[in-house]
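Residue numbers (the numbering used here): 144 to 267.
Here's the structure, in structure tokens; my notes come after.
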Ligand SMILES: [Zn+2]
């Protein structure tokens, strides 16, 4: 993991929210749990910019509009709600950035090549 200041630019960095499988891979390759990653607050300017960008994003599959919706999951009798951005046209959806998720941030630099960092999103 490269060390760099993710706040150094005003632009929205290239980002992805890791899905469950990607998190399992990361956990295996780094040998750490998500809580061990550097934390970033949900109210951090970077997170706010990313959430703003998610609202105006289009579907990577069909370029349809993404709309916010709530997905309910039941596991062992407990129902949890998860905010997702869903495509209006196809079955694509992605989670809305929030606490408990892992953010992969990629920064491209002509000097340093590209650097990838992971942040664990915490409440607050
Ligand atoms: Zn779509």
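Each residue gets a CB set at the ideal place from its N, CA and C atoms; glycine is no exception.
Keep in mind it's a predicted model, so treat the numbers as computed, not measured.
Suppose you measure from the CA of residue i to the CA of residue j; what does that come to, to the nearest Å?
{"i": "residue 167", "j": "residue 254", "result": "31 Å"}
{"i": "residue 233", "j": "residue 207", "result": "8 Å"}
{"i": "residue 246", "j": "residue 220", "result": "29 Å"}
{"i": "residue 160", "j": "residue 244", "result": "7 Å"}
{"i": "residue 181", "j": "residue 188", "result": "16 Å"}
{"i": "residue 231", "j": "residue 157", "result": "24 Å"}
{"i": "residue 197", "j": "residue 171", "result": "29 Å"}
{"i": "residue 256", "j": "residue 248", "result": "14 Å"}
{"i": "residue 223", "j": "residue 259", "result": "31 Å"}
{"i": "residue 264", "j": "residue 163", "result": "15 Å"}
{"i": "residue 267", "j": "residue 193", "result": "16 Å"}
{"i": "residue 146", "j": "residue 252", "result": "Residue confidence is low: residue 146 scores 49 on pLDDT, short of 50, so the model does not pin down where it sits. No coordinate-derived value is stated."}
{"i": "residue 205", "j": "residue 229", "result": "12 Å"}
Check each candidate in the options and name the one with the smallest Cα separation from residue i.
{"i": "residue 239", "options": "261, 185, 219", "result": "185"}
{"i": "residue 236", "options": "201, 179, 252", "result": "201"}
Tell me, which residues are paired with residue i by DSSP?
{"i": "residue 256", "result": "252"}
Can you tell me the Cβ-Cβ gap for residue i and residue j, rounded? I've got them flagged as a contact below 8 Å.
{"i": "residue 211", "j": "residue 226", "result": "6 Å"}
{"i": "residue 261", "j": "residue 169", "result": "7 Å"}
* In chain order, which beta strand (DSSP E) runs of at least 3 residues are fully inside the region 173-229? -> 182-184, 209-218
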